[in-house]
Each structure stands twice: as C-alpha cells, then as structure tokens.
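Heads up: the structure comes next, in structure tokens.
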Amino acid sequence: MRKSTNWPITTLIALGSLLILFPLYLTVSIALKNPEEMARSIFALPTGLHFENFANAIAATDFFTAFKNSALVTVISVLFILLTNSMVSYAIARNMNKRFFKGLYFYFISAMFIPFQIIMLPVVKQTTAFNMNNIVGLIILYVVYGLAFNVFVYVGYIRSIPYELEEAATVDGATTWGTFWRIIFPLLAPINATIGILSCLSSWNDFLLPLVLLGGPESYTLPLVQYVFQGQFSTDFNLAFASYLLALLPMVIVYLFAQKWIINGITQGAIK
Amino acid sequence: MKKAIMPLLAGVLAVSMLSACGSKSDGGSSGGAVKVEFFQNKPEAKATFDKLIAKFNSANPNIKVTQVNPPDAETVLKTRVAKKQVPDVIGMGATDTYSTLSKSGLFENFTNDPLTKNIQPAYLDMLKAQTGLSELNGIPFSTNANGVIYNKAMFKELGLTVPTTWDEFMAVAQKIKDAGKTPFYLTVKDSWTTLIPFNGLEPGVVGIDFFKQRKEGTVTFKDKFREVADKQLQLLSFGQKDMFGKGYNDGNVAFAKGQSVMYLQGVWAIPEIQKANPSIELGVFPFPATNDPAKNKLVSGVDTLLTVSKSSEHKAEAKKFIEFLLQSENVKQYITEQKAFPAVQGVTQDDPSVADLKPAFEKGELVDFADHYIPGAMKVDTIIQGFLQKKDVDAYLNSLDTEWDKVANRK
Chain H
1 MRKSTNWPIT TLIALGSLLI LFPLYLTVSI ALKNPEEMAR SIFALPTGLH FENFANAIAA
61 TDFFTAFKNS ALVTVISVLF ILLTNSMVSY AIARNMNKRF FKGLYFYFIS AMFIPFQIIM
121 LPVVKQTTAF NMNNIVGLII LYVVYGLAFN VFVYVGYIRS IPYELEEAAT VDGATTWGTF
181 WRIIFPLLAP INATIGILSC LSSWNDFLLP LVLLGGPESY TLPLVQYVFQ GQFSTDFNLA
241 FASYLLALLP MVIVYLFAQK WIINGITQGA IK
Chain V
1001 MKKAIMPLLA GVLAVSMLSA CGSKSDGGSS GGAVKVEFFQ NKPEAKATFD KLIAKFNSAN
1061 PNIKVTQVNP PDAETVLKTR VAKKQVPDVI GMGATDTYST LSKSGLFENF TNDPLTKNIQ
1121 PAYLDMLKAQ TGLSELNGIP FSTNANGVIY NKAMFKELGL TVPTTWDEFM AVAQKIKDAG
1181 KTPFYLTVKD SWTTLIPFNG LEPGVVGIDF FKQRKEGTVT FKDKFREVAD KQLQLLSFGQ
1241 KDMFGKGYND GNVAFAKGQS VMYLQGVWAI PEIQKANPSI ELGVFPFPAT NDPAKNKLVS
1301 GVDTLLTVSK SSEHKAEAKK FIEFLLQSEN VKQYITEQKA FPAVQGVTQD DPSVADLKPA
1361 FEKGELVDFA DHYIPGAMKV DTIIQGFLQK KDVDAYLNSL DTEWDKVANR K
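Chains H and V supply the protein sequences, listed in that same order.
What the first sequence shows, in my numbering, is residues 1 to 272, in sequence order.
What the second sequence shows, in my numbering, is residues 1001 to 1411, in sequence order.
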C-alpha cells in the first residue's frame, strides 16, 4: 500500500526550507569568495574556493581567545541561570497566596518592560564602582537580567505541576530543599531546555552589554571581535561572513542536541 | 542533599577562580615599564598602528604602549568617560563626539605645543573652528578628501579632460550622457552620501563663514543656499535611473564595473572600488563648485586626530608616543598603508590615483567639510535626501532654516 503524497503541504514545507537554506547558501558562498568574485555576482557559486578567508578571519579576530571568553560566559551563566532562577521561581510559585511573593513576582516580571539602553549608563557606573567590569561581572549580570523573563516562564510551568506530588514527598519525610531537588527540578527538564537554549543564544549573541562593560581586547567576546571587518567606509564581507560562520557553528550544534527537549517543552506546556 | 550542593560549589569555585584571573591582569605591569593605553576608532588601521607601536616599544623599553580598538568606538569612549577610565592617548575623527568631549574639558590643551609645529595650519584652524573653543584639544594626524572620482580609461575614450569650473563640469557630464553612458552613479539610499556633493558645493558657492553668521542670526539658508540647491538638482539629472534604491556599497561596485564614468565620493571609497576591480584606472579631482577656479578648493577634513586625556597619569610618555607617530617616516608609512593624506607638512601621498589632488595639498588650498559645522541633531543628510526626492527648493531651504532654529533653541 502506497501512501499518497500530500502535495500542498510538501510544497509549503519546501518553500519554507528554501527561506532558511537560501540565506545559508549566501553566507557560505560569500565566505568562500574573494571581493572581486563577489563584485561580479553575489548569487553565483564561488569559483575559487577561498578557504584562506577562514584562516584570515581567525587571525584578524584572535578567534580562539574570543571563543574561550564567549564559551566561558555562556556556559557558566546558563548553568547559574538554570540553578538559581528555577529556585527563585519555585519559591514564588508555591507561595503565590502570600502578598510578599506575589509582589516579588510582579516586581521581577515588570523588569521585562525596561529596555537595556535606559539602564546602560547606571549599570556601567555601578559595575565600575564595584570593580565588576570584567567577565565575572558580565556573568552575574546575565544571571540577574535573566530573572525577569525566566521567572515568568518557570512560574507558569511550576504551577502546572500537581501539588499532590510534593505532599506525597513531604509525607515521605522530604525537606523543602529535597522536594525541590528530587521532585521538582527533574520535572522541569523540558522548560530547563527551553530556557537554557534561549539564554544560551542571548548571552552568546549579546553585543551591547559586553561592549560597554568589558575593558580590554583580552576579555572580548565573539560578537565584539567580529566588528573588526566593518570600518566606517569599508566592509570586508568575505572575511566577515567566514567569521560569522565560525561563530554560529557552536550554536547550531547546541540546537541540534537540544531540539528534542525544546519541542518537548512546547508541547508539555500546551497540554497542562 | 550532598549531590545537590556539589554543582553549586563547583560553580562558585569556577567563578572565584575567574575573578582571580581578572584581578591579576588588571594591575599587571610588565617589568616596571610605564603602560600607555592608545585608544583608536578605525578597525582598518589596527594592523598599521600595531606595526608602529611595536617599533615605538622596542625603541623605548621603559614605555609600553598597548592599542585598544573596540567596535563602535565612540560609544565605548563615552562609557569610558562615564567610568572615569579615560584612555591615555586617543585617536579619533574630528566628529561631534570630539567636540562634545573637548567642550567638557576632557583633553589636554595643545595650543602652542611644540607638537603642532609641523602641522598644516589649515587643519589646526579647522579643529578650533569645529569645537568653537580658543584652545586646541587635538593634533591632526591624517586627513581625507572628497571630490569627484573618475574613470581615467573612459575619460580618455570619450576625449574628456578634467574640469576645473562648474560649466566645464556640466559640459563633461552632458557629453557623457550624449555618448549614452551614465555620468554619475548616485547612491541616495544611504543619506550620508548625499552630503558629498553638498560639502563640495557649499564652500565654493557660499563659504564656511556662513555657519558662523547663521549662528549670529545675520543670514539665513533662504538667502544664500538657492544656488547650492539648484546645483544639487542639476547633478541629480545626470544620475542613473534607480539612484534612490542604491547605497554606498552598490555604488562602489557599480563604479568599479564601469557602470558610470564619475562617482561623487571621498577618497576613502578608492580601496573599496579597487577591491571589486583591482585593474581599474581611476583618478580624483577637486569638486568644481563655481566658475572661478580659485574658489574651488579641495574639501579635506581631519580623519584622525591624536589627543591626550587630562586625567592621564603618564602625559609625558603619551606625548612622546604622539611625537613618534608624527615623525615623517611614520606618517608616510601610515598614509601609504591607509591611503590617507598627511596633516604633517613635508610628507606627500604619492599614490597615482590621487595625483590630481596633490597641488591643492601642496598649496594648502583646503577647506573643511561643511556638514561638520551643522549640528548633528539637525540630521541634514536626511533633509537633503528628502529634497532630492521632492525637488522642492523652497521647502528645502525653509526646512534647513527651521530645523537649524529648532536645534539652536534647544540649548
């Protein structure tokens, strides 16, 4: 028995994937051309295959130092976001009937409405006063900035977990800490994956906060060093695209590994 | 319980180790040498400055200059000022940020400083005129120029010569049009590129003094700028069809491919054009704004200026570094690699593509970019862009006057 093909859906999916694949093709092909080839035609296949663009981009950006910084910032801040923000949210979610926690909840999520540009200057002055204008300060700020959005997402999810589970744990003699760690945290896996990926992406790609916070080139993250290809009147597109490709690769890998959980998280949240 | 605390502890440990690293690199001084931080805004000049710094450091073992070249340098510089961590030596453009920081008294005063001895006086005056201060807060290092870039091969093919007056200029454009080619490739989509003909026309037709008089309220744009506006429109009629949809990058590539015979841009576009077509034969001539060749000076402004912050703890060393950069051979190396022009007398840019500009530099027949005297908040580039679309001269002159007054009243 042969299944008949659903042509309208197939066409739609094909068109959709074209929307993703075409810019990707442009990125890869520009990264492999030289300026002369690019001036001839942006869309044509590269003829020379200039792999030296990648080597030049790595040299110009001091790629590995920046990569190390970016990786450190991202990994540690995501780790701490998952640990601390979920704890905060658990405390809030299970105490929503108390005035203090309800106030705390709205206080945190109201921070979502404040654009970063508004607090930029005070943040710069304060971090300098606390001697936090370095990578450690950056990590701390990411963990704290995450609170607004993450508390919102976590609290919604935790409230959908039946309270009876915890009552059972209490009956078995678990402390609050034990309940959180043994019962709640494992149940948070899908939402942890979602938040992990979102904060991973945002701290990996963030430009403005590292720009105003970090002091010297030795602590620059990847988005900062990639600016070197863009002068006031000149842009080195080929090297820039080569270095963009190098910088986005780790995120693609993260997504490939975590996508199962993300999709899981979306559906889990939907059923309730 | 134990299991739960372990990752936390590991995390805390990792962070504390990190902070230890951070503090070590903060206060590190290498073998007692004085550390001087050199902050500059041009990513494309980073490699050249690295070479010069290496040379300086090896000649002066007791001083160690390090270069900082962050992205979006002006924003970073402003935050550094907010942090009260101003770099020792700063290399930046003569921009609005420079004026603001100068007026806040952030930079050293270089009036009558021996470092200025060899600098073209025209550029020193420009810096002073721009900030409106009596003191000089920076030393011009490299300069740029804008004018008309032309395709030499096509000029020869059509039997054209470089025009020196407005009428000749228009005759050349007409001949190109008659030959079925495009005289100018215009890039109106990027509003800043419309400033180039504006800056070319203004000094010859009206004169830079206008802005001082406008501030005093003795003249208006309406009285003086009609000729500029008419000539702007005249240039427009020689552009290609889709000029409103094309930007700076499109223009560079199109001119490199020979899609137009002339291109109204600054010399900074030359390396970009040559990247797209390394074999192109091009030249640049000063913008012939009027019919009096003596009035048609070359529009040239300070591209990079060097200055020392007042709060620097190593002013002597900082000045020594600037003195080193201003030495003829180092200036020569910089302008050769960066295709810029020197602010120092006695050094010349010998690249054949800019040979037509040489006499103007030698005679010092230079005039500043007009838009440097217009407050940034006026957004004159978008006003011009709108005018080129609507082609309404009266509305254009009116909006220049009203916008100027609006910004002036704000202060």
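Glycine included, each C-beta is placed from N, C-alpha and C at the ideal position.
Keep in mind that this is a model prediction, so the values were computed, not measured.
Where residue i meets chain V, residues with beta-carbon distance less than 8 Å
i     : result
H/A39 : V1253, A1256, K1257, K1275, A1276, N1277
H/E36 : K1275, A1276, N1277, P1278
Within-8 Å CB hit, residue i to chain H
i       : result
V/W1166 : no
V/N1249 : yes
V/G1027 : The pLDDT assigned to V/G1027 is 39, lower than 50, so where the model puts this residue is not dependable; a value taken from the coordinates is nonetheless given after this. By this cut-off, V/G1027 is not an interface position.
V/A1082 : yes
V/W980  : Residue 980 of chain V cannot be examined here, being either before or after the span of chain V that is shown, 1001 to 1411.
V/E1216 : no
V/T1095 : no
V/K1024 : Only weak support exists for where V/K1024 lies, its pLDDT of 38 falling under 50; the value from the coordinates is given anyway. It does not; no Cβ of chain H falls within 8 Å.
V/A1269 : yes
V/E1272 : yes
Proximal chain B residues relative to residue i, where beta-carbon distance stays under 8 Å
i       : result
V/N1057 : In the displayed structure, chain B is absent; the protein chains listed are H and V.
Residues sharing a beta bridge with residue i, DSSP
i       : result
V/K1035 : V/K1064
H/E38   : Just to set this straight, residue 38 of chain H is Met in the shown sequence, not Glu. For H/M38, which the question treats as bridged, DSSP gives no partner whatsoever.
V/Y1150 : V/M1262, V/G1283
V/F1184 : V/G1239, V/M1262
V/V1344 : V/I1119
V/V1367 : V/V1299
V/I1090 : V/F1039, V/T1307
V/Q1349 : V/Q1349 is not bridged to any residue.
H/T235  : H/Q230
Proximal residues of chain V, C-beta to C-beta of residue i below 7 Å
i      : result
H/N69  : Within 7 Å Cβ-Cβ: nothing; H/N69 doesn't reach chain V, min ~11 Å.
H/L121 : A1082
Contacts of residue i in chain H (Cβ-Cβ under 7 Å)
i       : result
V/V1206 : Ordered by position in chain H, no residue passes the 7 Å Cβ test against V/V1206, which lies about 26 Å from the chain.
V/T1079 : V124, V212
V/P1288 : Chain H residues near V/P1288: none, gap ~23 Å exceeds 7 Å.
V/P1197 : Ordered by position in chain H, no residue passes the 7 Å Cβ test against V/P1197, which lies about 17 Å from the chain.
Chain V contact for residue i (CB, 8 Å cutoff)
i      : result
H/N133 : yes
H/L187 : no
H/V143 : no
H/K125 : yes
H/V151 : no
H/L211 : yes
H/T128 : yes
Chain-ordered chain H contacts of residue i [CB-CB under 8 Å]
i       : result
V/V1076 : L211, V212
V/E1337 : Ordered by position in chain H, no residue passes the 8 Å Cβ test against V/E1337, which lies about 13 Å from the chain.
Counting only runs that start and end within the stretch 1264-1327 of chain V, where is the beta strand (DSSP E) found for 3 or more residues in a row? 1282-1285, 1298-1308
Could you run through the stretch 215-247 of chain H and flag, in chain order, every residue whose CB is less than 9 Å away from some CB of chain V? G215, G216, P217, E218, S219, Y220, P223, L224, V225, Q226, Y227, V228, F229, Q230, G231, Q232, F233, S234, T235, D236, F237
Against chain H, which members of the stretch 1038-1071 of chain V pass a CB distance test of less than 9 Å? N1041, K1042, P1043, E1044, A1045, K1046, A1047, T1066, Q1067, V1068, N1069, P1070, P1071
Of all the residues that make up the stretch 170-181 of chain H, which are near chain V by a beta-carbon distance shorter than 9 Å? T175, W177, G178, F180, W181
Could you please tell me which residues of the stretch 1148-1178 of chain V, in chain order, have their CB closer than 8 Å to any CB of chain H? none
Which whole runs of the alpha helix (DSSP H) in the stretch 1100-1163 of chain V are 4 residues long or more, in chain order? 1121-1131, 1152-1157
Fully enclosed by the stretch 23-93 of chain H, which alpha helix (DSSP H) runs are 4 residues long or longer? 35-40, 52-61, 63-80, 86-93
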